[in-house]
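Q: Heads up, the sequence shown is in our numbering, so the first residue is 3 and it goes up one at a time.
My questions will all concern the structure given below.
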Amino acid sequence: MRSDGQPLSGVSYVMPVLNEVTEVRAAVASLLAQDYDGPAEIVLALGPSIDGTNELVEEMSAADPRIRAVPNPIGSTPAGLNVAIRASSHPIVVRVDAHSVLPTDYTRIAVGVLAESGADNVGGIMRAEGRTPFERAVALAYGSRVGLGGTPHHVGGQAGPAETAYLGVFRRDRLLEVGLFDEGIKRGQDWELNRRLRKTGGTVWFTPELVVTYRPRPSLRRLVRQFVATGLWRGELARRFPTGNGLRYFVPPTMVVAVTLGIVAGIVGIIGAAVGSGAAWALLGFVVPAVYVVFVVVGAVLVGRSSGLATLTWLIVVLPCIHVGWGVGFVLGFLGTSELTTHTGR
Numbered sequence: 003m004r005s006d007g008q009p010l011s012g013v014s015y016v017m018p019v020l021n022e023v024t025e026v027r028a029a030v031a032s033l034l035a036q037d038y039d040g041p042a043e044i045v046l047a048l049g050p051s052i053d054g055t056n057e058l059v060e061e062m063s064a065a066d067p068r069i070r071a072v073p074n075p076i077g078s079t080p081a082g083l084n085v086a087i088r089a090s091s092h093p094i095v096v097r098v099d100a101h102s103v104l105p106t107d108y109t110r111i112a113v114g115v116l117a118e119s120g121a122d123n124v125g126g127i128m129r130a131e132g133r134t135p136f137e138r139a140v141a142l143a144y145g146s147r148v149g150l151g152g153t154p155h156h157v158g159g160q161a162g163p164a165e166t167a168y169l170g171v172f173r174r175d176r177l178l179e180v181g182l183f184d185e186g187i188k189r190g191q192d193w194e195l196n197r198r199l200r201k202t203g204g205t206v207w208f209t210p211e212l213v214v215t216y217r218p219r220p221s222l223r224r225l226v227r228q229f230v231a232t233g234l235w236r237g238e239l240a241r242r243f244p245t246g247n248g249l250r251y252f253v254p255p256t257m258v259v260a261v262t263l264g265i266v267a268g269i270v271g272i273i274g275a276a277v278g279s280g281a282a283w284a285l286l287g288f289v290v291p292a293v294y295v296v297f298v299v300v301g302a303v304l305v306g307r308s309s310g311l312a313t314l315t316w317l318i319v320v321l322p323c324i325h326v327g328w329g330v331g332f333v334l335g336f337l338g339t340s341e342l343t344t345h346t347g348r
């Protein structure tokens, strides 16, 4: 019951799930543990998993009537979100990820902020937490300026209107009004949807009161796949909407291009020095990758110096994997090759 005596709005948790057998139980458990007193349902959009995820979800659904599963044959994140939203019934939609664990007060706070702010979408901070040295290194990269650039939904900030939001708690009518998620965009669909909400007069609201635990990818291979796919679609979005991108999106691709040109110039310099030509000056090109290596090592030490040797060592590896994966993906996406990647990068 609200303070004015009116009943609380119902909420629908929507979650696309694909090959997440190790994470989905904890994610769903965090939804069942919410201290929100209004009506609630959990709608899981099941992709064509091959790791036992769908069987596990069927068990959870049979054990609790609040959990419903709907098929997502396409398997992509935006398609799954749209399937789940269409199958939902409540006026407030809480977008959840299988790698996220919501604190018990998340829904209560989010619904309150949604009402107070008058926003169409409310989001908060993604606090990455790892369980192994590798995952802890990834978590440090997520939450630092040397990793993902220090955006508010990673490191926090003042409450107020924002460009986009992590996950999101939406007014369902506005989602339907703007046409839901664009299923042609496999990554960055949240940013693009929030762009449409803002373009049609709505507000996207950031609040540091909402903090969601995020579980990083458990292996280097999956991490690289994730960031290549993310960068690729970020480049695609930059090409489609050239006036709607902050400068931070161009830092990784600029670094990749500069380091690549520096290495090429340095190799030309080595060849020039060997044959006695005037190209030896090109050896100075190695200064660019050298500066980047120093940046990574110093940044890793500053961020991870208190996290143990194993985590610090992994952080030195993780940072360039994130930067280069994202940067290379961005360049390819900007050049129009995003149609080559149709998976979610999980």
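C-beta atoms are modelled at their ideal positions from N, C-alpha and C, and glycine is treated no differently.
Three-state secondary structure (DSSP) at residue 254?
A: For the purposes of this step, residue 254 is taken as residue 252 along the sequence shown, with counting starting at 1. Residue 254 falls in the helix class under three-state DSSP.
Q: Give the list of continuous alpha helix (DSSP H) stretches no shorter than 4 residues that lie fully inside the stretch 226 to 300.
A: Fully enclosed alpha helix (DSSP H) runs of 4 or longer: 253 to 277.
Q: Which partner residues does residue 183 have in the DSSP bridge list?
A: Here residue 183 corresponds to residue number 181 of the sequence shown, with the count starting at 1. According to DSSP, residue 183 bridges with nothing at all.
Q: Taking the alpha helix (DSSP H) that residue 350 falls in, what are its first and last residues?
A: Residue 350 cannot be examined here, being either before or after the span of the chain that is shown, 3 to 348.
Q: Please name the residue or residues paired with residue 216 in a DSSP beta bridge.
A: The sequence position of residue 216 within the sequence shown is 214, counting from 1. BP columns for residue 216 point to 102, 130.
Q: In chain order, which continuous runs of the alpha helix (DSSP H) of length 4 or greater are located wholly inside the stretch 35 to 86?
A: Entirely contained in the stretch 35 to 86, the alpha helix (DSSP H) runs reaching 4 residues are, in chain order, 55 to 65.
Q: If you run the structure through DSSP and keep just helix, strand and coil, what is residue 119?
A: If you number the sequence shown from 1, residue 119 lands on position 117. It is helical.
Q: Got a sec, what are the start and stop residues for the alpha helix (DSSP H) residue 329 sits in?
A: For this step, residue 329 is matched to residue 327 along the sequence shown. Where residue 329 is concerned, the enclosing alpha helix (DSSP H) stretches over 311 to 336.
Q: Is it true that the stretch 328 to 337 meets the stretch 251 to 266, where meeting means three or more beta-carbon pairs spaced less than 8 Å apart?
A: Segments in contact, yes.
Q: Find out if the Cβ-Cβ distance for the pair residue 91, residue 14 is shorter than 8 Å.
A: As a position in the sequence shown, residue 91 is number 89, starting the count at 1. As a position in the sequence shown, residue 14 is number 12, starting the count at 1. Against a cut-off of 8 Å, the Cβ pair of residue 14 and residue 91 comes out as a contact.
Q: Indicate whether residue 142 and residue 249 have their beta-carbon atoms separated by less than 8 Å.
A: Numbered from its first residue, the sequence shown carries residue 142 at position 140. Numbered from its first residue, the sequence shown carries residue 249 at position 247. Result no, Cβ atoms of residue 142 and residue 249 do not sit closer than 8 Å.
Q: From the DSSP secondary-structure annotation, give me the bridge partner or partners of residue 144.
A: Taking the sequence shown and counting its residues from 1, one reaches residue 144 at position 142. According to DSSP, which records beta bridges pairwise, residue 144 is partnered with nothing at all.
Q: Would residue 99 be called buried (16 or more neighbouring beta carbons within 10 Å of its own) or exposed?
A: For the purposes of this step, residue 99 is taken as residue 97 along the sequence shown, with counting starting at 1. Looking at its Cβ environment, which holds 16 or more other Cβ atoms inside 10 Å, residue 99 is buried.
Q: Would you report the Cα separation of residue 38 and residue 247, rounded to the nearest angstrom?
A: Here residue 38 is taken as the residue at index 36 of the sequence shown, counted from 1. Here residue 247 is taken as the residue at index 245 of the sequence shown, counted from 1. Looking at the two C-alpha atoms, the distance is approximately 36 Å.
Q: What three-state label does DSSP hand residue 23 in the structure shown?
A: Translated into positions along the sequence shown, residue 23 becomes position 21. In this structure, residue 23 counts as coil in the three-state DSSP scheme.
Q: By a C-beta neighbour count over all protein chains shown, 10 Å radius and 16 as the cutoff for buried, is residue 109 buried or exposed?
A: Reading the sequence shown from its first residue, position 107 is the one you call residue 109. Residue 109 is buried by the Cβ-count criterion.
Q: Cα separation between residue 18 and residue 67?
A: In the sequence shown, counting from the first residue as 1, residue 18 sits at position 16. In the sequence shown, counting from the first residue as 1, residue 67 sits at position 65. Rounded to the nearest angstrom, the two C-alpha atoms are 18 Å apart.
Q: Quick check on the burial criterion: 16 or more other C-beta atoms within 10 angstroms. Buried or exposed for residue 397?
A: Residue 397 lies beyond the residue range present for the chain, which begins at 3 and ends at 348; the question has no answer from this structure.
Q: Residue 217 to residue 226, Cα distance in whole Å?
A: For the purposes of this step, residue 217 is taken as residue 215 along the sequence shown, with counting starting at 1. For the purposes of this step, residue 226 is taken as residue 224 along the sequence shown, with counting starting at 1. Their Cα atoms are separated by approximately 15 Å.
Q: Using only CA atoms, which one of 215, 163, 214 lies nearest to residue 197?
A: Position 195 of the sequence shown holds residue 197. Considering only alpha carbons, the answer is 163.
Q: Please state whether the Cβ-Cβ distance between residue 12 and residue 42 is less than 8 Å.
A: Numbered from its first residue, the sequence shown carries residue 12 at position 10. Numbered from its first residue, the sequence shown carries residue 42 at position 40. In this structure, residue 42 lies closer than 8 Å to residue 12 by Cβ.
Q: For residue 195, report the span of its alpha helix (DSSP H) as first-last.
A: The sequence position of residue 195 within the sequence shown is 193, counting from 1. 191 to 201 is the extent of the alpha helix (DSSP H) around residue 195.
Q: On the DSSP bridge assignment, give the partners of residue 94 in chain order.
A: Within the sequence shown, the letter at position 92 stands for residue 94. Answer by DSSP bridge pairing, in chain order: 13, 173.
Q: On the three-state DSSP scale, how would you describe residue 137?
A: Residue 137 sits at position 135 when you count from the first residue of the sequence shown. Looking at residue 137 - three-state DSSP - the assignment turns out to be helix.
Q: Find the nearest neighbour of residue 219 within the set 53, 144, 263, 337, judged by alpha-carbon distance.
A: For the purposes of this step, residue 219 is taken as the residue at position 217 of the sequence shown. Looking at the Cα atoms, 144 is the closest of the given residues.
Q: DSSP on residue 114, reduced to helix/strand/coil?
A: Here the question's residue 114 lines up with position 112 in the sequence shown. It is helical.
Q: Pull up the distance between the alpha-carbon of residue 215 and that of residue 133, whole angstroms please.
A: Locating residue 215 in the sequence shown gives position 213, where the first residue counts as 1. Locating residue 133 in the sequence shown gives position 131, where the first residue counts as 1. If I take the Cα positions, the gap works out to 12 Å.
Q: Between the stretch 298 to 306 and the stretch 193 to 209, do at least 3 Cβ pairs fall closer than 8 Å?
A: No: fewer than three Cβ pairs fall under 8 Å.
Q: So is residue 332 buried or exposed if we call it buried at 16+ other beta carbons inside 10 Å?
A: Reading the sequence shown from its first residue, position 330 is the one you call residue 332. With 16 or more other Cβ atoms within 10 Å, it is buried.
Q: Select from 77, 131, 124, 45 the residue whose C-alpha is nearest the C-alpha of residue 69.
A: Locating residue 69 in the sequence shown gives position 67, counting from the first residue. Comparing Cα positions, the closest option is 45.
Q: For the stretch 287 to 296 against the stretch 261 to 272, are there 3 or more C-beta pairs whose distance is under 8 Å?
A: With the cut-off at 8 Å, the stretch 287 to 296 and the stretch 261 to 272 touch.
Q: Looking only at its own chain, which residues have a Cβ that is under 6 Å from the Cβ of residue 190, when we skip the five neighbours before and after it?
A: The sequence position of residue 190 within the sequence shown is 188, counting from 1. Closer than 6 Å at the Cβ level, and outside the excluded window around residue 190, lie 235, 236, 239.
Q: Consult DSSP for residue 306 and reduce its assignment to one of helix, strand or coil.
A: Residue numbering aside, residue 306 sits at position 304 when the sequence shown is read from its first letter. Residue 306: helix per DSSP, three-state reduction.
Q: Just to confirm my understanding: we take residue 194, look at its own chain, exclude 5 residues before and 5 after, and list those with CB closer than 7 Å. What are they?
A: Along the sequence shown, read from residue 1 onward, the residue named residue 194 stands at position 192. Excluding residues within five positions, the ones whose Cβ falls inside 7 Å are 184, 187, 239.
Q: Quick one: Cα of residue 279 to Cα of residue 272, how far?
A: Residue 279 sits at position 277 when you count from the first residue of the sequence shown. Residue 272 sits at position 270 when you count from the first residue of the sequence shown. Roughly 10 Å between the two C-alpha positions.
Q: Do residue 121 and residue 213 have their C-beta atoms within less than 8 Å of each other?
A: If you number the sequence shown from 1, residue 121 lands on position 119. If you number the sequence shown from 1, residue 213 lands on position 211. For residue 121 and residue 213, no; Cβs fall outside 8 Å.
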